[in-house]
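A quick write-up on the structure given underneath.
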DNA sequence: TCCGTTCGGTTTCAACTTGAAACCATTGCG
DNA sequence: CGCAATGGTTTCAAGTTGAAACCGAACGGA
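Chains as they are written, first to last, in the working numbering: chain A, 11 to 162; chain B, 11 to 162.
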């Protein structure tokens, strides 16, 4: 090769996002951002990632419009990283990944955490996929269609 | 470093799944598996990935119980790769990722595809996150709690 | 004022991963 | 028997990752 292949121009809209968040750290940074982290040092401490890598990842996330830097909250010369609208759109990906993780990656008897509704403190419902008419769809009961096909 | 860091033993249940599917190709393989692909050659042709990489990824997915090999469908000496229950659980991750991709990565006027219900052929609904009591939750209206907290 | 510390990175360099291409073993087929 | 297709593995150069060192600017004290 020569360069890690990019999915940037792939037709598939699952492939393209992987360019932005398809590495080992980016999603974890976004997760931490959802948890309210904003500073370089916070991410670094939370993730334990090398600073050069974190630096590169943050830059990539900013370049993809998932995070943006805001000038300075406490008047310091530094900036903070906050989620954009696009970045907040990753919420559903994180929920899906987490529910999958809860189901298949939690050791027996392990005191794992799960997502709860801020207001009630109770666990959220499982994600479900619905047809337009409200029928619940199981994995595999969907396919891809292009604009033309579904328009007719 | 020395070795790419593993999130295998991370506490966070978002981190651990990334060990299984957190690279550039694995999710695309799973996507293709949902589309009915089963053979090495099918994946290779579809993804255009180098054969050694595909081989390594398939092995990793099998090791993580996401795919399993089934002996031989047509009596040939080769095997096929099919999704396990755990692998099918990734459906929601793929849907989330795809909807995010549809929203933020489709070029203007681009003839992109989207997911439709097999039965009606109409696009599926957007994913939504609900509280236990049925309230719709927006990104950021959740937090993590451990078992102890939510039990009381 | 000068020293030490924290924050937010960049640089350096060795180890590891990736990818293209070549190679190899089976099976299928004429 | 010969030859192509399938499904990989091996080899090797180039690229990526990570630990640690380094750096500069902004405080904070003594």
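Ideal Cβ placement from N, Cα and C applies to all residues, glycine included.
Please read all numbers here as calculations on a predicted model, not as lab measurements.
| query | Can you give the Cα-Cα distance for residue 104/B and residue 18/A, rounded to whole angstroms? | reply | When the Cα atoms are used, residue 104/B and residue 18/A turn out to be separated by approximately 17 Å.
| field | Any C-beta of chain B under 8 Å from that of residue 39/A | value | Not an interface residue.
| Looking only at its own chain, which residues have a Cβ that is under 7 Å from the Cβ of residue 138/B, when we skip the five neighbours before and after it? | 146
| said: Which of the three DSSP states is assigned to residue 15/A in this structure? | reply: coil
| query | Which whole-angstrom value describes the C-beta separation of residue 143/A and residue 134/A, a residue pair presumed to lie in contact below a C-beta threshold of 8 Å? | reply | Incorrect: roughly 24 Å between the Cβ atoms, too far for contact.
| task | Please specify which runs of the beta strand (DSSP E), each continuous and at least 3 residues long, are wholly inside the stretch 82-127 of chain B, giving them in chain order. | result | Fully enclosed beta strand (DSSP E) runs of 3 or longer: 90-93 and 123-127.
| field | Cut-off 8 Å between Cβ atoms - residues of its own chain near residue 41/A, not counting five sequence neighbours on either side | value | 104
| said: Below 8 Å, how does it come out for the stretch 108-116 of chain B and the stretch 51-58 of chain A: are there three or more Cβ pairs, yes or no? | reply: No, they do not touch.
| Checking contacts by CB at 8 Å: is residue 161/A closer than that to chain B? | Legend: pLDDT at residue 161/A = 45, less than 50; position of this residue unreliable, no value from coordinates given.
| Does DSSP put residue 155/B in a helix, a strand or coil? | strand
| task | Could you pull out every residue in the same chain whose Cβ sits closer than 6 Å to the Cβ of residue 117/A, ignoring the five residues on either side in sequence? | result | none
| field | residue 74/A beta carbon less than 8 Å from that of residue 82/A | value | 8 Å or more divides the Cβ of residue 82/A from the Cβ of residue 74/A.
| query | For residue 123/A, which option in 125/B, 132/B, 155/B and 151/B has the closest C-alpha, if you only look at C-alpha atoms? | reply | 155/B
| field | Helix, strand or coil at residue 150/B [DSSP, three-state] | value | coil
| message | If I measure Cβ to Cβ from residue 160/A and keep anything under 6 Å in the same chain, skipping five residues before and after, which residues do I get? | response | The predicted model places residue 160/A with a pLDDT of 45, which falls under 50 and marks its position as unreliable, so this point remains unresolved.
| query | Can you list the residues of chain B that residue 149/A reaches, using a CB-CB cut of under 7 Å? | reply | 98 and 101
| query | Going by Cα to Cα distance, which pick from 149/A, 140/A, 106/A and 32/A is closest to residue 149/B? | reply | 106/A
| query | If you check the beta carbons only, do residue 62/B and residue 36/B fall under 8 Å apart? | reply | no
| said: Quick check on DSSP: helix, strand or coil for residue 129/B? | reply: coil
| task | Check the C-beta distance from residue 80/A over to residue 72/A and give it rounded, since I have them as a contact under 8 Å. | result | So it is not a contact: roughly 11 Å between Cβ atoms.
| alpha helix (DSSP H) containing residue 71/B: first to last residue? | 61-73
| request: Select from 34/A, 33/A and 16/A the residue whose C-alpha is nearest the C-alpha of residue 26/A. | output: Among 34/A, 33/A and 16/A, the Cα nearest to that of residue 26/A belongs to 16/A.
| When you compare only the Cα positions, how much space is there between residue 46/B and residue 100/B? | Straight-line spacing of the CA atoms in residue 46/B and residue 100/B works out to 15 Å.
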